[in-house]
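In what follows, a single structure is set out as structure tokens and then discussed.
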Amino acid sequence: MSEPAPATNYLNWNYSIRSWLLTTDHKRIGLLYLMGVTFFFAIGGLMASLFRMELATPAGNLVTADTYNKLFTLHGVVMIFFFLVPSVPGVLGNFVLPIMIGAKDVAFPRLNLASWYVYIIGGCITLYVAVTGGLDTGWTFYTPYSSTYANTKVITAALGVFITGFSSILTGLNFIVTTHKLRAPGMTWMRLPLFVWAIYATSLIMVLATPVLAITIALIAIERATGIGIFDPAIGGDPVLFQHMFWFYSHPAVYIMILPSMGVMSELIACFCRRRIFGYSFVAASSLAIAIIGFFVWGHHLFVSTQSPYAGMVFSFLSFLVAIPSAVKAFNWTATMYKSSVSWQTPMVYAMGFMGLFLIGGLTGLFLANLAVDIHLHDTYFVVAHFHYIMVGGALMGYLGGLHYWWPKITGKLYPEWWGKFSALTVFIGFNLTFMPQFVLGFMGMPRRYYSYPVEWQALNVLSSAGATILGVGYLIPMIYLIWSLKNGKPAPANPWGAKGLEWTTPSPPPMHNFEQTPIVTEEAYAYGNEGHGHG
Amino acid sequence: MKHHIVPVRLYLGIFGALMVLTAITVTVSFYDLGFLNTFVAITIAVCKATLVILYFMHVRYSNKLIWVFAGAGFVWLVILIAFTLSDTMTRAWIPLPPPLPM
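These protein sequences, in sequence, are chains W and F. To convert, note that position 48 of the first sequence is 48 in our numbering; the numbers rise steadily by one, no gaps. Position in the second sequence (from 1) plus 1000 gives the number in our numbering.
Structural data, given as structure tokens:
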């Protein structure tokens, strides 16, 4: 199983800074993304810990109302545009997608490096905004907060998001072409690992939706510069038009964040259950179905705006519809696990965290897709809890599960298994303690984005803040032991999990061009059937 | 991957067509056609975009997969416009309550 690693690999062939900053190797670019997203995750987390501290007491006594607005705005902007969107595609997608399909690199390696630089430039602009006055519109940039009543650095922040959007588009384009053109001989579409299907579907959304965000932001700038009425009703515009255009991107963006983690889930479940994924073709097709139906549901964010109730009914129905492909995945993962021999290693513990949390996040989404219920719950903590169950409980758990799964491949080192499981459980417990009380608070009517609240809600808010502390510790632990493992971890064999897939046939860490010779694929993905487990 | 060689003459022809269409847009803007103003302007713009996509971007000489991806962009544009209009065109079906006194 463990063949000796070759003397040179993608990490040690050159140690110079220049070789990293000018690399066109998808594996090194994946690691550059890892550093970028980890940095922005820490910034976003810091903002969250500050406003959770503020919310520990009913009175606004730690920061001013203005500062509070800026904290939650930057938390949202940083976490969504600079962490969640690029995390799984940028880090794991870049690293493993080409290896999974048996390619030497992505289709456009230089474009790949360019998209990292574009991302970093957008990030620097956003950081500049953070330290020179902030942004208080909420991450959604809603007009008229961002237009008529803008009193912070709206245009600069919008420019940062505008620029980083192009990073998404270029990455998506790269993955689409790579998947179409660079598959190894024998790697047919129906043999692709489900992670590749998920990243492919994500890339389609990136390419089709992100330009609309850029256009929307450009229109705000045009309105301000020329006085042509687009969103401002005083000059003939329509502020709800902004919400339509914004959510045309931003709702599919939710699927940009969750779909890659669903792809990771399929890999983890198959590997640690030693099973072919139940209903492979349905799971693959459900990624595409989510990507497409996800474009037809944006109006559910506008139920309490002046959006026509007739449009509301259509959007409500379509929002219920998108639950079907998500449920296909959840049921098929469960069916894969049924009567299999599960090995409870760290990535699988994260995968189980994903299952539980995504289930709650997904089902509470149905409450909000319901027109009448949404009138009560809109803009309350119920919504905050719901999307954190999807974004953090789902997307982030998937990312961490994937990072632990491929860490031995990426670094050639094993991390301490006990600490891995401990961190996964800590994150799970901390997460639920943070966000479960927020469902209750929201149902009781606590609005989001307020820095003070009535005294009777303090107990639940203190629980939530305490949970956030545990959650923060849960994220710090992997950061420590993963970095520790770089120097002190045991060397990883080529296939530490006994997993199927081309990435496990090459040494850890992989050689510069991934494979010594182009692999030829002769079997379907997840061909675990011959190993005597389950009924396979 | 094979590339279709496009004669320079064709590029110049397309360039000329784009210039003529631009001239028409400018000329038409001096006449008030009522509700047709936007219709005419957008029709000309769509013609120009189609020429650019088919010839300058070589889609005309590309395989079906490229056609699918190029077409998808337009389908998605239709989704954006159609569903937004499904809101704005049906808003008046239910009369709004009178605004609160300020």
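Just so you know, even glycine gets a beta-carbon here, dropped at the ideal spot from N, CA and C.
Exposed unless 16 or more other CB atoms sit within 10 angstroms - verdict on Gly1073/F:
Position 73 of the second sequence, counted from the first residue, corresponds to residue 1073/F. Answer is exposed; the Cβ neighbour count stays below 16.
* To do: Under 8 Å between beta-carbons, which chain F residues line up against Leu208/W? List them in chain order, please.
  => As a first step, residue 208/W is located in the first sequence; it is residue number 208 there, counting from the start. Correct list: Ala1072, Gly1073, Trp1076.
Next on the checklist: Our contact map puts Gly299/W next to Gln307/W with C-beta atoms below 8 Å; I'd like the distance itself, whole angstroms only.
Outcome noted: Position 299 of the first sequence holds residue 299/W. Position 307 of the first sequence holds residue 307/W. Their Cβ separation, rounded to whole angstroms, is 6 Å, which keeps Gly299/W and Gln307/W in contact under 8 Å.
* Hey, Thr178/W and Ala103/W: beta-carbon distance below 8 Å or not? -> Your numbering for residue 178/W matches position 178 in the first sequence. Your numbering for residue 103/W matches position 103 in the first sequence. Yes, these two residues count as a Cβ contact at 8 Å.
- Grouping DSSP H, G and I as helix and E and B as strand, with all else coil, what is Val239/W? In the first sequence, residue 239/W corresponds to position 239, counting from 1. The question names Val, yet the displayed sequence has Pro at residue 239/W. Three-state result, Pro239/W: helix.
Fill in: Neighbour flag for Ile1094/F against chain W, beta carbons, 8 Å
Within the second sequence, the letter at position 94 stands for residue 1094/F. Output row for Ile1094/F: interface = yes.
Take Val1040/F and list the residues in its own chain whose beta-carbon comes closer than 7 Å to its own, dropping the five residues that flank it on each side. As a working note, residue 1040/F is residue 40 in the second sequence. Here the set comprises Val1028, Leu1033.
Is DSSP giving Thr522/W helix, strand or coil here? Numbered from 1 along the first sequence, position 522 holds the residue referred to as residue 522/W. Reduced to three states, the DSSP call for Thr522/W is coil.
task = Select from the region 133–150 of chain W all residues with a C-beta closer than 7 Å to any C-beta belonging to chain F, and list them in chain order.
result = none
- Below 8 Å, can you find three or more Cβ-Cβ pairs linking the region 277–293 of chain W to the region 214–232 of chain W? no
(message) I'd like to know if Leu1100/F contacts chain W, where contact means its C-beta is closer than 8 Å to some C-beta of that chain.
(response) What you label residue 1100/F is simply residue 100 of the second sequence in a count that begins at 1. No, Leu1100/F does not count as interfacial toward chain W.
Quiz item: To the nearest angstrom, how far is it from the Cα of Val1068/F to the Cα of Val1006/F?
Solution: Counting from 1 along the second sequence, the entry for residue 1068/F is found at position 68. Counting from 1 along the second sequence, the entry for residue 1006/F is found at position 6. Each residue's Cα considered, the two are about 22 Å apart.
Residue range of the unbroken alpha helix (DSSP H) whose run includes Phe439/W:
Position 439 of the first sequence, counted from the start, is the residue given in the question as residue 439/W. Unbroken alpha helix (DSSP H) run through Phe439/W: 417–444.
Which parts of the region 10–97 of chain W are runs of the alpha helix (DSSP H), unbroken and 4 residues or longer, counting only runs that do not cross its ends?
17–21, 26–54, 65–77
Where Thr1043/F falls: helix, strand or coil (DSSP): Mapped onto the second sequence, residue 1043/F falls at position 43. DSSP places Thr1043/F in helix when its eight states are reduced to three.
Cβ of Thr1025/F within 8 Å of any chain W Cβ
Sequence index remark: in the second sequence, residue 1025/F carries index 25 (1-based). It does not: the Cβ of Thr1025/F has no partner Cβ on chain W nearer than 8 Å.
**Prompt:** Do Met397/W and Phe354/W have their C-beta atoms within less than 8 Å of each other?
**Reply:** Within the first sequence, residue 397/W is the residue found at index 397, counting from 1. Within the first sequence, residue 354/W is the residue found at index 354, counting from 1. The answer is yes: Cβ separation under 8 Å.
Worksheet item: According to a CB-to-CB cut-off of less than 8 Å, which residues of the region 287–306 of chain W neighbour chain F?
Response: Phe295, Phe296, Trp298, Gly299, Leu302, Thr306
Against Ser316/W, what residues of chain F qualify as contacts under a CB-to-CB distance less than 8 Å, listed in chain order? Here residue 316/W refers to the residue found at position 316 of the first sequence. In chain order: nothing, as chain F lies at least about 13 Å away.
Taking its Cβ as the centre, do 16 or more other Cβ atoms sit within 10 Å of Leu192/W, making it buried, or is it exposed? Numbered from its first residue, the first sequence carries residue 192/W at position 192. Buried is the call here.
Please decide whether Asp1087/F counts as near chain W, where near means a Cβ-Cβ distance under 8 Å.
The residue you call residue 1087/F lines up with position 87 of the second sequence. Chain W contact via Cβ: present.
Could you give the first and the last residue of the continuous alpha helix (DSSP H) run that contains Ala158/W?
In the first sequence, residue 158/W corresponds to position 158, counting from 1. Run containing Ala158/W: 154–181, per the alpha helix (DSSP H) assignment.
Chain W beta carbons: is any one of them nearer than 8 Å to that of Leu1080/F? Walking along the second sequence from the start, residue 1080/F turns up at place 80. Answer yes: the Cβ-Cβ gap between Leu1080/F and chain W drops below 8 Å somewhere.
Query raised in the report: Is Pro1099/F helix, strand or coil by DSSP?
Result: On the second sequence, residue 1099/F is found 99 positions in, with the first residue counted as 1. If DSSP states are grouped into helix, strand and coil, Pro1099/F belongs with coil.
### Message
Would you say Phe248/W lies against chain F (beta-carbon separation less than 8 Å)?
### Response
Position 248 of the first sequence holds residue 248/W. Phe248/W counts as touching chain F.
- prompt: Quick one: does Tyr310/W have its CB under 8 Å from some CB of chain F?
  reply: By 1-based counting over the first sequence, the position of residue 310/W is 310. Yes, contact with chain F.
*State buried or exposed for Ser115/W, treating a residue as buried only when at least 16 other CB atoms are found within 10 Å of its CB.*
Mapped onto the first sequence, residue 115/W falls at position 115. Its Cβ being crowded by 16 or more others within 10 Å, Ser115/W is buried.
Is there a Cβ of chain W sitting closer than 8 Å to that of Leu1012/F, yes or no? Along the second sequence, read from residue 1 onward, the residue named residue 1012/F stands at position 12. Contact of Leu1012/F with chain W is not assigned, every C-beta pair being separated by 8 Å or more.
- Query: By how many angstroms is the C-alpha of Ile258/W removed from the C-alpha of Ile324/W?
  - Reply: Counting from 1 along the first sequence, the entry for residue 324/W is found at position 324. Counting from 1 along the first sequence, the entry for residue 258/W is found at position 258. C-alpha separation (whole angstroms): 15 Å.
- Three or more C-beta pairs closer than 8 Å, one from the region 341–352 of chain W and one from the region 261–272 of chain W: is that the case here? Three or more Cβ pairs drawn from the region 341–352 of chain W and the region 261–272 of chain W lie within less than 8 Å of each other, which places the two stretches in contact.
Apply the 10 Å Cβ neighbour rule to Thr143/W and answer buried if 16 or more other Cβ atoms are within range, or exposed otherwise.
Along the first sequence, read from residue 1 onward, the residue named residue 143/W stands at position 143. That one is buried.
I need the straight-line Cα distance from Lys1048/F to Gly236/W, nearest angstrom please.
For this step, residue 1048/F is matched to residue 48 along the second sequence. For this step, residue 236/W is matched to residue 236 along the first sequence. In a straight line, the C-alpha of Lys1048/F is about 28 Å away from that of Gly236/W.
Where does Pro347/W sit, in a helix, a strand or coil, going by DSSP? For the purposes of this step, residue 347/W is taken as residue 347 along the first sequence, with counting starting at 1. Three-state DSSP puts Pro347/W in a helix.
Can you tell which of Gly361/W, Leu366/W, Gly442/W, Leu62/W has its C-alpha closest to the C-alpha of Tyr451/W? The count along the first sequence starts at 1 and reaches residue 451/W at position 451. For Tyr451/W, the nearest C-alpha among the options comes from Leu62/W.
(message) Just checking: is the beta-carbon of His388/W within a distance shorter than 8 Å of some beta-carbon in chain F?
(response) On the first sequence, position 388 is the one that residue 388/W refers to. With a threshold of 8 Å between beta carbons, His388/W makes no contact with chain F.
inquiry  = If the criterion is Cβ atoms closer than 8 Å, does the pair His404/W and Thr334/W meet it?
reply    = Within the first sequence, numbered from 1, the residue matching residue 404/W stands at position 404. Within the first sequence, numbered from 1, the residue matching residue 334/W stands at position 334. Not in contact: His404/W and Thr334/W (Cβ atoms no closer than 8 Å).
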